[in-house]
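Visitor:
Protein chains in written order, with the numbering used here: chain A, 12 to 440; chain B, 12 to 440.
1. How would you label residue 246(B), buried or exposed, when you count the other beta carbons within 10 angstroms and need 16 or more for buried?
2. Alpha carbon to alpha carbon, what distance is there between residue 251(A) and residue 376(A)?
3. Using a C-beta to C-beta distance shorter than 8 Å, which residues of chain B count as neighbours of residue 312(A)?
4. Using 8 Å as the threshold, is the C-beta distance between residue 137(B) and residue 174(B) below it?
5. Closest to residue 59(B) by CA distance: which of 143(B), 296(B), 155(B) and 76(B) is it?
6. In chain order, what residues of the same chain lie with their CB nearer than 6 Å to the CB of residue 391(A), ignoring the 5 residues before and after it?
7. Give the straight-line distance between the Cα atoms of residue 286(A) and residue 440(A), rounded to the nearest whole angstrom.
8. Run through chain A and tell me which residues come within less than 8 Å of residue 162(B), C-beta to C-beta.
9. Do residue 387(B) and residue 421(B) count as a contact pair if the criterion is CB distance below 8 Å?
10. Just tell me which of 415(B), 371(B), 372(B) and 361(B) has its CA closest to the CA of residue 438(B).
11. CA-CA distance, residue 401(A) and residue 435(B)?
12. Mind checking which residues open and close the beta strand (DSSP E) that includes residue 117(B)?
13. Compare the C-beta of residue 338(A) against all C-beta atoms of chain D and say whether one is closer than 8 Å.
14. According to the Cβ coordinates, are residue 275(B) and residue 213(B) closer than 8 Å?
15. With a cut-off of 8 Å, do at least 3 Cβ pairs link the segment 194-204 of chain B to the segment 103-115 of chain B?
16. On the three-state DSSP scale, how would you describe residue 95(A)?
17. Skipping 5 residues on each side, what residues in its chain have a beta carbon closer than 8 Å to that of residue 99(B)?
18. Curious, which full-length beta strand (DSSP E) runs of at least 3 residues does the segment 196-240 of chain A contain?
19. Please classify residue 398(A) as buried or exposed, where buried requires at least 16 other C-beta atoms within 10 Å of its C-beta.
20. According to the neighbour-count rule (16 or more other Cβ atoms, all chains shown, within 10 Å of its Cβ), is residue 408(A) buried or exposed?
21. Candidates 49(B), 393(B), 33(B) and 413(B): which alpha carbon is nearest residue 12(B)'s?
22. Under 8 Å between the Cβ atoms of residue 145(B) and residue 334(B)?
23. What whole-angstrom Cβ distance do residue 298(B) and residue 237(B) have, given they're in contact under 8 Å?
24. Using a beta-carbon distance below 8 Å, is residue 21(A) in contact with chain B?
25. I think residue 348(B) touches residue 226(B), with their Cβ atoms under 8 Å apart; what is that distance to the nearest whole Å?
26. Which runs of the alpha helix (DSSP H) spanning at least 4 residues fall entirely within the segment 61-105 of chain B, listed in chain order?
27. Between which residues of its own chain and residue 28(A) is the CB-CB distance below 6 Å, once the five residues before and five after are set aside?
28. In three-state DSSP terms, what is residue 401(B)?
29. I'd like the list of long-range same chain contacts for residue 73(B), defined as Cβ closer than 8 Å, with 5 residues on each side in sequence excluded.
30. Given a threshold of 16 other Cβ atoms within 10 Å of its Cβ, counted over all protein chains shown, does residue 257(B) qualify as buried or as exposed?
31. If residue 114(A) sits next to residue 304(B), beta carbons under 8 Å apart, how far is it from one beta carbon to the other, in whole angstroms?
32. Find the residues of chain A that neighbour residue 329(B), judging by a C-beta separation of less than 8 Å, and give them in chain order.
33. Do you know whose CA, among 352(B), 196(B), 197(B) and 191(B), lies nearest residue 243(B)'s CA?
34. Per DSSP, residue 262(B) is paired with what?
35. Residues in the same chain with beta-carbon distance under 6 Å from residue 230(B), minus the five sequence neighbours each way, listed in chain order, please.
36. Please list the residues of the segment 191-206 of chain B that have a C-beta atom closer than 8 Å to any C-beta atom in chain A, keeping them in chain order.
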């Protein structure tokens, strides 16, 4: 074994960073044996260097992250700051000064992955980011290495623990969205400002990263259709139950049936209770992958938290260190397929639509005509009357999102349709 | 991209090999783009070269596997023959003649993994075998790479599709073992001689491989305790249901609580219906992994079949080809921890025991005394009387297998105990 240690600079020492530092210290012998050389924490850049950090030598702590990555003797920079800047500049500077990079930064990778990969390639360095998607769950490596000889057709996952906790709570207790959110906040599963989670921004960043890797195509954050889950109601869960379904916020990356384009989207959807994703409880994450040869695979585990994220970071750290020792680099960006990313209107799926309608003869015929005119075929209709008002629940066969939108627009114009109570996609069948 | 192709020799062209060849041909462009060089099928060694093989140039086919691997221009040998010989000699010869190896051979890896790894290391070549365990499910790579910075404490999985199909059928239909086996055979899920599957030999080989990787310790096939599932009855399933459980044939690799030793075992066990492994249906496989930092992970997918296994083989092929191009090798055997492998008697778990007893006062007290004398603490007892006979169902707290064996031996000697109807371990709680 080499005795000269590989030097690691840690950028950020919050929930994840402190766990990375702790494990690097307590498991130093194991890491050395697995890498083939000792790894040494050479510096820790933080915003408040005066804060006492248990187990970390104060002499290693600095507020000058730029100086740390410019030192020139750093082998690997571990970036767990999050956000776009200064993380992006620091990573670029790290490559320029000879370091490889391990990052847990989904927002940055989703927005600037191509540029960062290019910078890594230009300097012959590694950029690894298993921790950026679904925390501890090995997903990036299986997609880009284990399935490298296969053709992935769909990646569909629960990639945000906060929203899964809320939806699971609504499902199991009948609670409304606000009540379930309040509980998630009280238990620390939701942040004080939950926007990034509940509006699907976090999941959309992960969808962009996953789609890019799965389809060997650059998928920008703007390419990902995004719809949050704040409008999911207890009534939606009741409807889902009647269909033998539950509701999950899903990130779905799909290859079109003709193979010529891809789509990526995040939205709440009904999925059958028999689908493996339906039984993913609490804040857990799971990702379902369908490919030509492997068939259906699922990866399940904790999608966030200090220790799970640190596990993913350290797995990457070991890989990057091994690469340093052998003088090689791991797989870089693979975007050769360069498939067009289609807009949401091209997505084909099924829909569950609840309409409030006048309770009089002929309404169903009117509604059915509108569906037919837009080429959307109806699978089932359920009609419920109450006090002069009625509700119609329509479940469609597969149709394009554009056709469905046109249908709904036309329905809203009907005198007999008082309102569209909810529209939800049905996936996983 | 390099234009000179990497040359692949395929040993075996059955269900898996023919799929590997097919995908190498139909997806040649994708593979080339992902590897950075074209891959060329340079030869196919088979037992009956005269048989017509669709899509394979007859000029490539040979019956002389040894000559093929000795050619000297082969970059990667893909071994999908199975069994010990001639596979072992061919792989060793391949290393000697400069090739890296991708194998799907669980029996060989479980028996001779250490020697083969040593041969690969001696010649600076790769030995990859993702397809040897759980078919298409990425498992070897996640364990030895993604979790390389973590400490794995338990790997518990359904790693044999045939037995899972049979047990699932017994669970869902109430069928007995033989009836379920007959159906599995008729549907092609079980071989004419199902011994390797139903007696747990196949799962034991996989357990040895998984334990070795998870614990960085050599685990020999002989170290794996093995108990088949041919004696699981419809009555066992009824008992399991009463406990909110189902029965699965599990491969379990565990680190002892003090961390100083490991165990590996294969046997049928009751697991709670709420456990993620309980809902693994049909011939699917799933492996549950528990580690210090990542927590609980699960990997799910098809554990066998031509296409799924080919997917795993091709993922390895891409990785090994990339390594050839960069002049590096991937992670080899990691056995530095060299932990002792404890015998089955040291395994600590819970037990579900059904006794046929005389229906008279004092029997429960006698039985309870025997458990207490052997230090096995009882969790629950259920007594059912019928026509002068009675059954006692005892569920224990955690106890060592040795203590439980001692208890059962003593129970058999009691006049009031007419027989021990079944003993089953309870896992996953």
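We put the CB at the ideal spot given by N, CA and C, even for glycine.
Guide: So, to answer that:
1. exposed
2. 24 Å
3. 305, 306, 307, 308 and 309
4. no
5. 76(B)
6. 406
7. 8 Å
8. 38 and 41
9. no
10. 361(B)
11. 55 Å
12. Element bounds for residue 117(B): not the beta strand (DSSP E) but the alpha helix (DSSP H), 117-133.
13. Absent here is chain D; the protein component of the structure consists of chains A and B.
14. no
15. no
16. coil
17. 119, 123 and 127
18. 235-237
19. exposed
20. exposed
21. 49(B)
22. no
23. Not a contact, Cβ separation roughly 18 Å.
24. no
25. 6 Å
26. 76-80
27. 21 and 91
28. strand
29. 54, 55, 56, 57, 60 and 79
30. buried
31. Actually they are not in contact, since the Cβ atoms of residue 114(A) and residue 304(B) sit about 18 Å apart, beyond 8 Å.
32. 156, 159 and 160
33. 191(B)
34. 168(B) and 277(B)
35. 219, 222, 223, 275 and 352
36. none
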